[in-house]
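Undergrad: Let me begin by handing over the structure; questions about it come next.
Chains as they are written, first to last, in our numbering: chain P, 1 to 430; chain G, 1001 to 1317.
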């Protein structure tokens, strides 16, 4: 029990109950002009889907609504929404402006207290109405939970098509909800492990070209690409530093591979590890001071943490129930509180998280083949790919770091190796 | 006509064997064997001895009686008889009278107590010895506790309400020696001892009886209030640092258990201000949604006129 005393003793300590999604009513965004009806309904649908898929909200079926909102500038009759057990209510309006832009307005109401929690308006080109819906979703999410949202973000992944023996792998990018898929490569060369830059403008990935596989940089806006460094052997598993100024990767040397970091401005490279083992999948901590990576220096692939400049590495993965389990593909959370990983043991691949010191390991999902976790911008959700085996192909899934709310992420075809971008609205100025 | 004797003998022998077989192996209805039950045959004398009660066997009989009596609303009667029980206890434990007489024994102190006290040890030593056997010391001890716990209530009343005092003062003045009354009291004692023992046991096991002491326990409504509000408190945050978050909220209450006004966020604590604020607002919604808290004891309204709470996050992962 926390807090001070009172006239009748200490404060009554009330711990939280089991988590329950917040019931929320999202009304159709009103059309500012008769022609804005479709976009209003579209925005409402995107917001509803976002909040529902987050697992933290339970949007109430519109068929149950008692009150029809006809003017978003007038306070709703809250009793009508309390009856539905709604805790929050969203009202909004979409209006096409004389200059052709779209004006989006919304209000978030606390149904219980009858107060407005937040209200915003945005102007954008009509083709970006989905992004406006994502931004409004983030506003609602943040105001209700206190945490940053993650809806205004993208995911880059490897799109897979064709027969299993001759699978075509293309670099693709989409909104986090699976919309607006865009292909970045043509599929003539095999691509792997794409990763966003901190400003979401560039992607680094590995591509099997004519010679050795190399790490490339791809500019999303211009479509131009370039090789990162000119190393004699294969380079793979690249990832940006948090400041976007460096790329850390693995370089194959004989039967071993070590970690190197390259400064993108000076093009100078620095060796970080020098072991007769395979060191790969490096990932920076959000403050850029440490690196987690996987290494088989101990005989089996495990996760290690060391300073960003190299030095002594400390193993942090120790399986409690299976001494033969291996850990790989570590990724540091944007919040810094967890490291996600793929764990192989007992004939299963699991996705899990542990604290950076290796404690608090928690497996979120297990199955035949789960691999390659990536964190949402707010560190609350993990996306990964799952391959059921056989003639089928991999698909993308997301799961809350609590292990709840596992969902399939819609993609046009088979998909693997997802990487989540930072929040676009927070990187717009970068 | 020659007949082969051996053939005749053979036929005769076969007929004989077949006939015997038909008779012997004819089908009979299958009767499932019944399980045999062991039976001991005893005489009426032995049965009488078995059914005869034993002195040491009374414990088992008395317990269920107590429970039954308690369910039959003996508690209400017990309340009225409790005060009379004091004397009984004193007589059982002679050394103790001195300390208690300071206040209440004064009522009957004068003369009756002494004769009674002297008479009882002599006349009722046996019944008192028998009762310890059936484990009746505990009920009496509980009676003592009950008496002690029931003494306090009048005291605070005396302190708070001056008008109550005169009611207590006249009592000592009315003390008179009335053997008939003592006899009636003694009779009641005998009757109430059983019931009180029963009610005492049951009262300790139930929280909600009208005459139980649980209603006067502040901890009881605090716990109930915590449980009631917690039902609606479902915050979304599940970060690693969730144990560092807390929100102090004061809740003005009406006597009917509804909120007198909106809950007041006094202070929020935690690494992130926005998350702490969201947790506090989630707590406010929980408080409002889960009202009314009609179970709060009206007689203690002053103690919950303003309820001070601290909401925290439990590890939900």
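Glycine included, C-beta positions come from ideal geometry on N, C-alpha and C.
#1: For residue 25(P), does the count of other Cβ atoms within 10 angstroms reach 16, so buried, or fall short, so exposed?
#2: At 8 Å on the CB atoms, spell out the chain B contacts of residue 1237(G), in chain order.
#3: Taking Cβ positions only, does residue 96(P) come closer than 8 Å to chain G?
#4: Would you tell me roughly how many angstroms separate the C-alpha atoms of residue 416(P) and residue 202(P), rounded to the nearest one?
#5: Straight-line CA distance for residue 167(P) to residue 160(P)?
#6: Quick check on the DSSP output: the beta strand (DSSP E) that includes residue 42(P) runs from which residue to which?
#7: Taking all protein chains shown into account, do 16 or more other C-beta atoms lie within 10 angstroms of the C-beta of residue 1014(G), making it buried, or fewer, making it exposed?
#8: Looking at the unbroken beta strand (DSSP E) that takes in residue 105(P), where does it start and where does it end?
#9: Closer than 7 Å: is that where the CB of residue 259(P) sits relative to any heavy atom of the ligand ZN?
#10: Specify, as a first and last residue, the run of the beta strand (DSSP E) that residue 350(P) falls within.
#11: If the criterion is Cβ atoms closer than 8 Å, does the pair residue 117(P) and residue 93(P) meet it?
#12: Rounded to whole angstroms, how far is the Cβ of residue 262(P) from the Cβ of residue 269(P), which I believe are closer than 8 Å?
#13: Suppose contacts are defined by Cβ-Cβ distances below 8 Å. Is residue 364(P) in contact with residue 352(P) by that definition?
#14: Quick one: Cα of residue 212(P) to Cα of residue 304(P), how far?
#15: For the region 248-289 of chain P, list the beta strand (DSSP E) runs that are entirely contained and at least 3 residues long, ordered along the chain.
#16: Taking only beta-carbon positions, decide if residue 1264(G) is within less than 8 Å of chain P.
#17: Looking at the strands, I want to know which residues DSSP matches up with residue 169(P).
#18: Does residue 1078(G) get closer than 8 Å to chain P when you measure Cβ to Cβ?
#19: Whole angstroms are fine: how far does the CA of residue 1004(G) sit from the CA of residue 1010(G)?
#20: Against residue 1295(G), what residues of chain P qualify as contacts under a CB-to-CB distance less than 8 Å, listed in chain order?
#21: Please work out which residues of its chain come closer than 8 Å, Cβ to Cβ, to residue 275(P), disregarding the five sequence neighbours upstream and downstream, and give them in chain order.
#22: If you follow the alpha helix (DSSP H) that residue 1276(G) is in, where does it begin and where does it stop?
#23: Report the rounded CA-to-CA distance for residue 1282(G) versus residue 337(P), giving the unit in angstroms.
#24: Can you tell me which of the three DSSP states residue 1160(G) falls into?
#25: Could you check what DSSP says for residue 393(P) in three-state terms: helix, strand or coil?
#26: Across which residues does DSSP place residue 195(P) in a beta bridge pair?
#27: Answer with yes or no whether the minimum CB distance from residue 1226(G) to chain P is below 8 Å.
#28: Does DSSP put residue 1109(G) in a helix, in a strand, or in coil?
#29: Would residue 47(P) count as contacting chain G if we go by Cβ distances under 8 Å?
#30: Leaving out the 5 sequence neighbours to the left and right, which residues in its chain are closer than 7 Å to residue 244(P) when beta-carbon positions are compared?
#31: Can you have a look at residue 95(P) and say buried or exposed, based on whether 16 or more other CB atoms are within 10 angstroms of its CB?
#32: Residues in the region 342-357 of chain P with C-beta within 8 Å of chain G's C-beta atoms, listed in sequence order?
#33: Do we get a CB-CB distance below 8 Å when we pair residue 1180(G) with the residues of chain P?
#34: Look at residue 488(P) and residue 279(P) and say whether their C-beta atoms are less than 8 Å apart.
#35: Could you spell out the range, first to last residue, of the alpha helix (DSSP H) harbouring residue 19(P)?
#36: Could you name the residues of the same chain whose beta carbon sits closer than 6 Å to that of residue 412(P), not counting the 5 residues immediately before and after it, in chain order?
TA: Well, looking at it:
#1: By one-based count along the first chain, residue 25(P) stands at place 25. That one is buried.
#2: Checking the listed chains, one finds no chain B in this structure; the protein chains it contains are P and G.
#3: Residue mapping note: residue 96(P) aligns to position 96 of the first chain, counting from 1. So, not an interface residue.
#4: Counted from its first residue, the first chain places residue 416(P) at position 416. Counted from its first residue, the first chain places residue 202(P) at position 202. Computed Cα separation, rounded: 19 Å.
#5: For this step, residue 167(P) is matched to residue 167 along the first chain. For this step, residue 160(P) is matched to residue 160 along the first chain. So the alpha carbons of these two residues sit roughly 6 Å apart.
#6: Numbered from its first residue, the first chain carries residue 42(P) at position 42. No beta strand (DSSP E) contains residue 42(P), which is instead part of the alpha helix (DSSP H) from 37-54.
#7: Here residue 1014(G) refers to the residue found at position 14 of the second chain. The residue in question, residue 1014(G), is exposed, as its Cβ has fewer than 16 Cβ neighbours within 10 Å.
#8: What you label residue 105(P) is simply residue 105 of the first chain in a count that begins at 1. It spans 102-110 - the beta strand (DSSP E) in which residue 105(P) sits, taken as one unbroken run.
#9: Looking for the ligand ZN in the displayed structure turns up nothing, as the structure carries no ligands at all.
#10: Position 350 of the first chain, counted from the first residue, corresponds to residue 350(P). 348-354 is the extent of the beta strand (DSSP E) around residue 350(P).
#11: For the purposes of this step, residue 117(P) is taken as the residue at position 117 of the first chain. For the purposes of this step, residue 93(P) is taken as the residue at position 93 of the first chain. No. Outside cutoff.
#12: As a position in the first chain, residue 262(P) is number 262, starting the count at 1. As a position in the first chain, residue 269(P) is number 269, starting the count at 1. The pair is a contact, with the Cβ atoms about 5 Å apart (cut-off 8 Å).
#13: By 1-based counting over the first chain, the position of residue 364(P) is 364. By 1-based counting over the first chain, the position of residue 352(P) is 352. Contact: yes.
#14: Along the first chain, read from residue 1 onward, the residue named residue 212(P) stands at position 212. Along the first chain, read from residue 1 onward, the residue named residue 304(P) stands at position 304. Distance between the alpha carbons of residue 212(P) and residue 304(P) is about 27 Å.
#15: 256-263, 269-271 and 279-284
#16: Looking up residue 1264(G) in the second chain gives position 264. It does not; no Cβ of chain P falls within 8 Å.
#17: Walking along the first chain from the start, residue 169(P) turns up at place 169. Answer by DSSP bridge pairing, in chain order: 160(P).
#18: Walking along the second chain from the start, residue 1078(G) turns up at place 78. For residue 1078(G), the predicted model reports a pLDDT of 40, less than 50, meaning its position is unreliable; a value from the coordinates is still stated below. No, its Cβ sits nowhere closer than 8 Å to a Cβ of chain P.
#19: Counted from its first residue, the second chain places residue 1010(G) at position 10. Counted from its first residue, the second chain places residue 1004(G) at position 4. Going by the C-alpha atoms only, they are around 10 Å apart.
#20: On the second chain, residue 1295(G) is found 295 positions in, with the first residue counted as 1. What residue 1295(G) touches in chain P: nothing, since even the nearest Cβ is about 14 Å away.
#21: Taking the first chain and counting its residues from 1, one reaches residue 275(P) at position 275. The beta carbon of residue 275(P) sits closer than 8 Å to those of 256, 258, 295 and 297, all from its chain and outside the five residues before and after it, given in chain order.
#22: In the second chain, residue 1276(G) corresponds to position 276, counting from 1. Run containing residue 1276(G): 1273-1289, per the alpha helix (DSSP H) assignment.
#23: Position 282 of the second chain, counting from 1, holds the residue named residue 1282(G). Position 337 of the first chain, counting from 1, holds the residue named residue 337(P). Cα-Cα distance, rounded: 24 Å.
#24: Counting from 1 along the second chain, the entry for residue 1160(G) is found at position 160. Unreliable placement is indicated for residue 1160(G), whose pLDDT of 35 sits below 50; no coordinate value is reported for it.
#25: Along the first chain, one-based indexing puts residue 393(P) at 393. Coil.
#26: Taking the first chain and counting its residues from 1, the one referred to as residue 195(P) is at position 195. For residue 195(P), which the question treats as bridged, DSSP gives the partners 204(P).
#27: Numbered from 1 along the second chain, position 226 holds the residue referred to as residue 1226(G). Yes - at least one Cβ of chain P is within 8 Å of the one on residue 1226(G).
#28: Along the second chain, read from residue 1 onward, the residue named residue 1109(G) stands at position 109. Its pLDDT being 37, under 50, residue 1109(G) is placed unreliably in this model, and the coordinates cannot settle the point.
#29: The residue given as residue 47(P) occupies position 47 in the first chain. Not an interface residue.
#30: Taking the first residue of the first chain as 1, we reach residue 244(P) at position 244. Only 197, 198 and 199 meet the Cβ criterion.
#31: The sequence position of residue 95(P) within the first chain is 95, counting from 1. It counts as buried.
#32: 355
#33: As a first step, residue 1180(G) is located in the second chain; it is residue number 180 there, counting from the start. No, residue 1180(G) lies away from the interface with chain P (no Cβ there is under 8 Å from its Cβ).
#34: Outside the shown range of chain P (1 to 430) lies residue 488(P), about which nothing can therefore be said.
#35: On the first chain, residue 19(P) is found 19 positions in, with the first residue counted as 1. Taken as a continuous stretch (DSSP letters only), residue 19(P) belongs to no alpha helix (DSSP H), as it is neither H nor E.
#36: Start at 1 with the first residue of the first chain, and residue 412(P) comes out as number 412. Taken in chain order, the residues that qualify are 181.
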